[in-house]
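Enquirer: Per the working numbering, numbering through the sequence shown is continuous, rising by one, with the last residue being 96.
Yeah, the Cβ is synthetic: ideal placement off N, Cα and C, and Gly gets one too.
Computed from a predicted structure; not experimentally measured.
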Amino acid sequence: MAKLLIAERNAVVVDAAHYLFDLGRGDHGTEEDPKTFTDLSDADRLTLVTDHQKQVIVDAANTYVSNRDQTVAREAAEDTKHTL
13 MAKLLIAERN AVVVDAAHYL FDLGRGDHGT EEDPKTFTDL SDADRLTLVT
63 DHQKQVIVDA ANTYVSNRDQ TVAREAAEDT KHTL
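#1: Going by DSSP, what residue range makes up the alpha helix (DSSP H) through LEU35?
#2: Spatial neighbours of HIS30 within its chain, please: C-beta separation below 6 Å, excluding the five flanking residues on both sides.
#3: Buried or exposed: LEU96, going by 16 or more other Cβ atoms within 10 Å of its Cβ?
#4: Skipping 5 residues on each side, what residues in its chain have a beta carbon closer than 6 Å to that of VAL25?
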């Protein structure tokens, strides 16, 4: 059972890496010596996925901070509206 779960998880990671590679992420080599997905090592594939995960986490955190700060600024502006 555990081996099956590991195999399924690995298949998901490989598919995710392949998707990211197809989007242009990772090492595609050079024009003279291009790399295909099959040329990537397991470590290269895992790096593609973990780098993407890190970026998603950072983007989510930055979005939260931006939204929070906008809410605070909006509430402060409501308290200090201009009048004539």
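Expert: According to the structure data:
#1: Per DSSP, LEU35 belongs to no alpha helix (DSSP H) and is neither H nor E.
#2: PHE49
#3: exposed
#4: VAL61
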